[in-house]
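Asker: Below is one structure. I have some questions about it.
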Amino acid sequence: MHFPKSYIDYASESIGNPNLEASLTFGEFIALCMERDPSRAIENQRRKHPDWPSEWLEGRVRLRWICDGNGWLIRGVSRRILSGDVDELQLFLEMHVRSRFHWYYKNDEEYTEIWELLTALAIDDHVTTKGHLKTATFPLVKSRGGEAARLFNAVHQLLRDPETSIEHLDLHTTKSCATWLCACLEFISALVRRSQNDVEIALNAILTGYRRTPQINLMEKAIAFCAHGLFRLGHLTAPEFVIEPPTEPSLPWDAALYKASKDRQIISHEHFSNLPKWLVSSIVDLKPLPWETRN
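Taken in order, the sequence shown gives residues 66 to 360; the numbers are from my numbering.
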């Protein structure tokens with residue numbers, strides 16, 4: 066997979082900058098989170114949850130540190146660009162989708178996350194995909210997410226009922242919609258209609274438009290995980306419909322990751338030797354956190 070020089074330079078700077086912690090391996094980053102003094106953060110949590118046991122308070126603090134926002138994705142892609150290690154990228158992405166599952170954003174009390182679900186589909190992460198299907202609000206009613214909300218509903222609908230017809234999906238777009246996001250909805254339309262030509266056109270439109278979209282961090286758009294996820298969605302919901310992956314190396318498509326990640330999980334309990342078992346299970350197996358099941 067070939068990346069522009071600007072991406073390689075950015076990744077090199079990230080890896081070489083000790084303040085960004087991108088040079089750390091998976092184990093080193095987890096160890097760093099465990100070495101940090103949680104005292105002050107625990108006291109802040111205690112004021113919010115005065116009846117929680119100390120183990121929960123510390124666990125919540127360390128879980129937040131470990132989850133690290135989009136850090137796992139950014140570090141994983143940076144290291145993938147420089148080292149070419151596909152297994153490490155998959156491990157970091159598995160950590161990314163699990164951590165985001167625990168720290169999702171809510172809009173009017175609806176679970177609206179779609180991008181992490183597409184990333185989970187991209188790496189064939191069955192555990193996280195099932196977690197989204199179980200937890201997500203479907204269909205969205207209150208959310209005003211526009212095309213993103215329609216994409217959310219369409220993906221969930223197809224995962225629940227692969228035989229869904231085009232008449233039962235809302236895939237309309239507006240003029241202000243980003244090209245790549247419009248193409249995501251067009252891909253689903255082509256998939257449901259089983260149009261080989263339109264699927265290929267939509268997939269290429271996603272890939273070419275995704276890299277042009279503005280992002281806070283270059284590493285977040287170096288690989289179009291949304292395209293990977295939709296492509297995998299096609300195989301899951303329409304296995305009889307032959308869709309060939311793109312081969313153009315200049316596009317943000319990681320062919321090696323796509324081939325390697327099918328039907329396997331890398332992350333395991335062995336990656337978290339110093340964490341409480343309940344906390345590890347919440348990450349590896351997406352078990353409910355103890356404060357989520359107290360009632």
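Backbone N, C-alpha and C fix where the C-beta goes; we use that ideal spot for every residue, glycine too. Quantities reported herein were computed from a predicted structural model and do not represent experimental measurements.
Looking at the unbroken alpha helix (DSSP H) that takes in residue 349, where does it start and where does it end?
Answerer: Run containing residue 349: 342-349, per the alpha helix (DSSP H) assignment.
Asker: Label residue 264 either buried or exposed according to how many other C-beta atoms from any shown protein chain fall within 10 Å of its C-beta, with 16 as the threshold for buried.
Answerer: buried
Asker: Residue 242 CB to nearest chain B CB: under 8 Å?
Answerer: Looking for chain B here will not work: only one protein chain is present.
Asker: Can you check which of these residues, 97, 161, 326, is closest to residue 84 by C-alpha distance?
Answerer: Measuring C-alpha to C-alpha distances from residue 84 to each of 97, 161, 326 identifies 97 as the nearest.
Asker: Is residue 175 helix, strand or coil by DSSP?
Answerer: strand
Asker: Would you kindly work out how many angstroms separate the C-alpha atoms of residue 121 and residue 317, rounded to a whole number?
Answerer: 41 Å
Asker: Can you find the residues in the same chain that come closer than 7 Å, C-beta to C-beta, to residue 186, ignoring five residues on each side of it along the sequence?
Answerer: 194, 294, 297, 298
Asker: Using a 10 Å radius around the Cβ and a threshold of 16 neighbouring Cβ atoms, would you call residue 188 buried or exposed?
Answerer: buried
Asker: Can you tell me whether residue 224 is buried or exposed, with buried defined as 16 or more other CB within 10 angstroms of its CB?
Answerer: Its Cβ being crowded by 16 or more others within 10 Å, residue 224 is buried.
Asker: Might you give, ordered along the chain, the residues of its own chain that have their beta carbon closer than 8 Å to the beta carbon of residue 230, omitting 5 neighbours on each side?
Answerer: 257
Asker: If you follow the alpha helix (DSSP H) that residue 249 is part of, which residue opens it and which one closes it?
Answerer: First-last of the alpha helix (DSSP H) with residue 249: 244-258.
Asker: Can you list, in chain order, the residues of its chain with a C-beta nearer than 7 Å to that of residue 343? Leave out the 5 residues immediately preceding and following it.
Answerer: 355
Asker: When you compare only the Cα positions, how much space is there between residue 279 and residue 272?
Answerer: 14 Å
Asker: Are there 16 or more other CB atoms within 10 angstroms of the CB of residue 361, so buried, or fewer, so exposed?
Answerer: The shown model of the chain, from 66 to 360, leaves out residue 361, and the question about it has no answer.
Asker: Does DSSP put residue 284 in a helix, in a strand, or in coil?
Answerer: helix
Asker: Can you list, in chain order, the residues of its chain with a C-beta nearer than 7 Å to that of residue 176? Leave out the 5 residues immediately preceding and following it.
Answerer: 169, 200, 201, 202
Asker: Beta-carbon separation of residue 139 and residue 164 under 8 Å?
Answerer: no
Asker: Roughly how many whole angstroms lie between the Cα atoms of residue 39 and residue 211?
Answerer: The chain is shown only over 66 to 360; residue 39 falls outside these bounds and no answer can be derived.
Asker: Which residue from 146, 190, 156, 206 puts its Cα closest to that of residue 174?
Answerer: In terms of Cα proximity to residue 174, the closest of 146, 190, 156, 206 is 206.
Asker: Would you mind stating whether residue 92 and residue 336 have Cβ atoms separated by less than 8 Å?
Answerer: yes
Asker: Rounded to whole angstroms, what is the Cα-Cα separation between residue 126 and residue 100?
Answerer: Cα-Cα distance, rounded: 12 Å.
Asker: Taking the alpha carbon of residue 166 as the reference point, which residue from 357, 358, 348 has its own alpha carbon closest?
Answerer: 348
Asker: Can you check which of these residues, 291, 255, 160, is closest to residue 128 by C-alpha distance?
Answerer: 160
Asker: Please classify residue 253 as buried or exposed, where buried requires at least 16 neighbouring CB atoms within 10 angstroms.
Answerer: buried
Asker: What is the DSSP secondary structure of residue 230, reduced to helix, strand or coil?
Answerer: coil
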